[in-house]
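**Student:** Quick one: the structure is below, questions incoming.
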Amino acid sequence: MSTRLELLWIEKYRPKKLDDIVDQEEVIQGLKNLLKGDIKEMPHLLFAGPPGTGKTTTALALAREIYGGQWRDYVLELNASDERGINVIRERVKIFAQYFTPSEKAPFKIVILDEADMMTSEAQTALRRIMEINARVTRFILICNYITRIISPIQSRTAIFRFKRLPKEGAIQYLKMICDSEGVECSPDVLDKIYEASLGDLRKAINLLQSVSTVTGGKPTVKDVESIVGKATPEAIVKMIDALRMGDFNSARNLLFDFISVSNLDGQEVIKLIFNELMMRNLLQPEVAEVLAEYEYRILTSAYYEIQLTALLAKLSRLLGSRGQ
Amino acid sequence: MVEMVWTEKHRPRSLNEIIGNEEAKLELVRWLRNWEEGKSDFPGILLVGPPGIGKTTAVHALANDFSYHVVELNASEYRTAEKIYEKLGSLGRSYTLERYFTGRERRIIVFFDEIDGIDPKEDRGGLDAVIEIAGKRDFPVVAAANVPDPQKHKKLFELFKVVEFRQLTPKHIIILLKRIVEREGLKIDYEIIKKIAERARGDARLAINMLQAASLGIPVESISQSLENLPLDELLRRLSSSLSYYEIKQLIDANSSLWEDLIYTYFDIIARSPVLKFDAKIQLLDALSKIDIYLGRMNKERQFFYLRYLSHLIAWLIYNANKSGAVYDGRIPEYRLYKFVFNRDAREEFTELSEALGRSIHESRRKFTLYTLPTFCKLVKRKYSKLCEWVKKVYGW
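Chains as they are written, first to last, in this note's numbering: chain E, 2 to 326; chain A, 614 to 1010.
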């Protein structure tokens, strides 16, 4: 499966060794020191930092360093945002840890739990128990964007590694390496533009580079980058905002329902998409931002986020619509 | 002065005043006489029958007619054997003292109301205590139940004399209501009395409550219990056709099992209404959004006190929607279509594929859908064409 998906550059050029990770010297040095000592003593780890800075990649590379080529046998990857409920996690971790005898080569198994900050605090409390119960044969690597969303009992049981937003130089160097290897002709301007648009998120940058290279047959210009960045938002959302600016609430609502019924994204993500698109179009006036914030907050305790999103659209239609007229 | 509830104000004081259930009343009297002479085969009596037809009233009236005092042990208060004995013990003492000082004998009937509310498992010994107290024959013991369970209350059935109270006929209720109308000096149309009698389903308490409401000018239609558990469509029609805030609230309270459907349907009605002014629409949607939050909190935290407030908020919402002209037009609410039918195949396939693809490159479905899918779809042509078709349709990528 992995070979086919290597047509995605983010996967094809994912660093395999800790040494190849871009620009996270402190983290890498810390992990290497850890590997030099008695590996049996390795604590649970918590990787925190902005998206696209190499957290998952580092976790996978670390697993390779410990287990070598057979690493997949010893690693369970879970996504807190996909795996529904703590019970699923408990079950899978239990089964995963059950049939395992620690050896010199593999003193423990590793569970990589991505997007751990998407879990509710109740689920995290349960997770803490799971971590304790299975500590003898299993180490957890928790990955999150916001460390403040991880409950402190978990924080205190893990060694925390903070990933920094990627500085420009390192990111551009990496993009250049990919260009050379793929035969893409990219001027420094184009790479600058890509970096700028991705805000230090290397996943975004590489995806952008690949998209623009594919579309232009390997010779992207700054203009091409701009036009593709402009299309980053799902068209349904773009059209929805167009409709809102015309004060056409009904069309906006139909587009919204069409979009969520297929994409299956939840309310908070839809609001994030709306936010990004409004920001890109310079429509994010203070009162608009306030309404978005209010409704994202409401969604947290709502029963049906469709109601919240619709109420939000009505408000936005008033705010944006009057501006357009 | 506080307006007195008529069911209390006009509660019969003597068995003669109680309308209907003649046979049962006779049985009661016969049994008490036998009991007093120590001739009764039964240590106690069990009154069985639906609510609101005079079981409790009959016990109090019986006591009144024969100069007894009723010690009522409401099963919902005193449940365990210990609690029952505690209460009876202290009473026994105080009556002994009273007799000592006044020389007057005060006779007691012990009345266990709502005995089917005693749970044999949770309220251990409660039922046994009732039987034991009756068995001592210190006092006449009466128990009453709406729905006795042949298994749970087996011993009671065996030992006690069972007296059945039946629903009142509309004729009985009319007599009852007319008497109250007369006493209150009201002018209420006979047609209304007839209507109440028909809708009360043989329940005197309900009938009297309806009469009191009618005397305040509230239409009988909106207070009848027959409005409970309406089909959603019927409920929506009634809500749209009426009504005062009070009537709406009544309807909503009587159909609490349909609240979620109501909220969703009104969400749909309001959002799609062609007649609502846009400002009103914004306002009503905002009200809905708040209702939804309380509903969410209630479900999440299992805090059911929110129900109290929800009923008011929903009534307010519907009342205002009605006033602004957003009413149910018989269309199936769109949310149902959207949730269950719209794009379902697409959604399932889309979700499954993006989850699998995401996993294979160490990304969650969410991340893959949001950040990597656009690139992915520019690259592949054939293998995942179905996925990309949907992506193109909805995402426009």
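From the three backbone atoms N, C-alpha and C, an ideal C-beta is built for every residue, glycine too.
For clarity, every value in this text was computed on a predicted model and none was experimentally measured.
1) Hey, is residue 99 of chain E's beta-carbon within less than 9 Å of any beta-carbon in chain A?
2) For residue 657 of chain A, which three-state DSSP category applies?
3) Report the CB separation of residue 941 of chain A from residue 856 of chain A in whole angstroms; it is logged as a contact under 8 Å.
4) Identify which residue in A:753, A:820, A:666 and A:975 has its Cα closest to the Cα of residue 619 of chain A.
5) Identify the contact partners of residue 29 of chain E in chain A, using a Cβ-Cβ distance below 9 Å as the criterion.
6) Would residue 140 of chain E count as contacting chain A if we go by Cβ distances under 9 Å?
7) At a cut of 8 Å, does the stretch 305-316 of chain E reach the stretch 254-269 of chain E through at least three beta carbon pairs?
8) Could you check if residue 768 of chain A is buried or exposed, using at least 16 other CB atoms within 10 Å of its CB as the buried criterion?
9) Put residue 296 of chain E into one of helix, strand or coil per three-state DSSP.
10) Using only alpha-carbon positions, find the residue among E:17, E:148, E:281 and E:8 that is nearest to residue 57 of chain E.
11) Buried or exposed for residue 844 of chain A, please, with buried defined as at least 16 other CB atoms from any protein chain shown within 10 angstroms of its CB.
12) Consult DSSP for residue 642 of chain A and reduce its assignment to one of helix, strand or coil.
13) Are at least three pairs of beta-carbons, each pair with one atom in the stretch 59-76 of chain E and one in the stretch 179-189 of chain E, less than 8 Å apart?
14) On the DSSP bridge list, what partners appear for residue 77 of chain E?
15) May I ask which residues mark the beginning and end of the alpha helix (DSSP H) holding residue 921 of chain A?
16) Report the start-end ranges of each beta strand (DSSP E) in the stretch 110-163 of chain E that is 3 residues or longer and not cut off at the edges.
17) Would you please verify whether the beta carbon of residue 83 of chain E is less than 9 Å from any beta carbon of chain A?
18) Only counting the same chain, and skipping five residues up and downstream in sequence, which positions put a Cβ closer than 7 Å to that of residue 274 of chain E?
19) Along the alpha helix (DSSP H) that carries residue 871 of chain A, what are the first and last residues, could you check?
20) When you compare only the Cα positions, how much space is there between residue 828 of chain A and residue 939 of chain A?
21) The beta strand (DSSP E) spanning residue 805 of chain A covers which residue range?
22) Listing by chain order, which chain A residues have their CB less than 8 Å from the CB of residue 216 of chain E?
23) In terms of alpha-carbon separation, which member of A:702, A:971 and A:992 lies closest to residue 82 of chain E?
24) Within 9 Å of any Cβ in chain A, is that where the Cβ of residue 299 of chain E sits?
25) What runs of the alpha helix (DSSP H), each 4 residues or longer, lie entirely inside the stretch 954-996 of chain A?
26) For residue 891 of chain A versus residue 315 of chain E, is the C-beta distance shorter than 9 Å?
27) What are the start and end residues of each continuous alpha helix (DSSP H) run of 4 or more residues lying completely inside the stretch 749-792 of chain A, in chain order?
28) If the cut-off is 7 Å on Cβ atoms, which residues from the stretch 105-129 of chain E count as contacting chain A, listed in chain order?
29) Out of curiosity, what's the CA-to-CA distance linking residue 797 of chain A and residue 876 of chain A?
30) Looking at residue 864 of chain A and residue 880 of chain A, is the spacing between their C-beta atoms short of 9 Å?
31) In whole angstroms, give me the CA-to-CA distance for residue 686 of chain A and residue 136 of chain E.
32) For residue 930 of chain A and residue 900 of chain A, which I take to be in contact (beta-carbon distance under 8 Å), what is that distance rounded to the nearest angstrom?
33) Would you identify the three-state DSSP class for residue 940 of chain A, choosing helix, strand or coil?
34) Is the CB of residue 15 of chain E under 9 Å away from at least one CB in chain A?
35) Could you work out which residue in A:975, A:761, A:826 and A:667 is closest to residue 116 of chain E when comparing CA atoms only?
**Tutor:** Put simply:
1) no
2) strand
3) Contact doesn't hold; Cβ gap of about 13 Å is too wide.
4) A:820
5) The contacting residues do not exist; residue 29 of chain E stays about 18 Å from chain A at best.
6) Chain A contact via Cβ: absent.
7) yes
8) exposed
9) helix
10) Nearest C-alpha to residue 57 of chain E: E:17.
11) exposed
12) Helix at residue 642 of chain A.
13) no
14) Beta-bridge pairing links residue 77 of chain E to E:112.
15) 919-936
16) 110-115, 139-145 and 159-163
17) yes
18) 234, 235 and 238
19) Where residue 871 of chain A is concerned, there is no enclosing alpha helix (DSSP H), given that its DSSP letter is neither H nor E.
20) 32 Å
21) Residue 805 of chain A -> not in any beta strand (DSSP E); alpha helix (DSSP H) instead, spanning 803-812.
22) 991
23) A:971
24) At least one beta carbon of chain A lies nearer than 9 Å to the beta carbon of residue 299 of chain E.
25) You should have 957-973 and 986-992.
26) yes
27) 767-772
28) If the cut-off is 7 Å between Cβ atoms, the stretch 105-129 of chain E has 115 and 116 near chain A.
29) 42 Å
30) no
31) 57 Å
32) The pair is a contact, with the Cβ atoms about 5 Å apart (cut-off 8 Å).
33) coil
34) yes
35) A:975
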